[in-house]
Amino acid sequence: MSKLTLILTYYIIINLISFIIFFIDKQKSKKDRWRIQEKTLHALSYIGGVFGSIASMLLFHHKTKKPDFVIITIIALMLNLFVLYKLKEVLF
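With my numbering as the guide, the letters of the sequence shown map in order to residues 7 to 98.
The structure is reproduced here in structure tokens:
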């Protein structure tokens with residue numbers, strides 16, 4: 007398996023996981039149940055799941071009214087875009 011295939015597979019999986027975890031947290035918030043910690047949600051964004059995080063935030067309107075959360079997610083997006091840019095330089 008090529009390096010590119012491994013990287014793409016990783017990003018697809020981590021973003022699906024991030025999307026699902028955000029969805030689960032949104033459902034728990036509606037039922038006043040135990041919630042997933044914000045640091046866990048942020049960690050998913052920082053390790054590559056930021057695109058799934060943002061998709062969930064926009065689709066489910068989850069955490070969008072918390073300015074600190076949105077800012078941290080934007081920083082994670084910028085970091086991930088930088089990492090992808092650097093990976094492009096290495097792989098191509």
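All C-beta atoms, glycine included, are put in the ideal place defined by N, C-alpha and C.
Sequence-distant partners of Lys34 (beyond 5 residues in either direction) whose C-beta falls short of 8 angstroms from its own C-beta, in its chain, are Trp40, Arg41 and Ile42.
Inter-residue distance for Ser51 and Lys37 is about 24 angstroms (C-alpha atoms, whole angstroms). Taking C-beta separations shorter than 7 angstroms and ignoring five residues to either side along the sequence, the partners of Ile13 in its chain run Leu93, following chain order. Ile53 has its alpha-carbon roughly 11 angstroms from the corresponding atom of Ile19. Cβ-Cβ distances below 6 angstroms link Ser24 to Leu50, Gly55, Gly58 and Ser59 in the same chain, with the five nearest sequence neighbours on each side left out; the list follows chain order.
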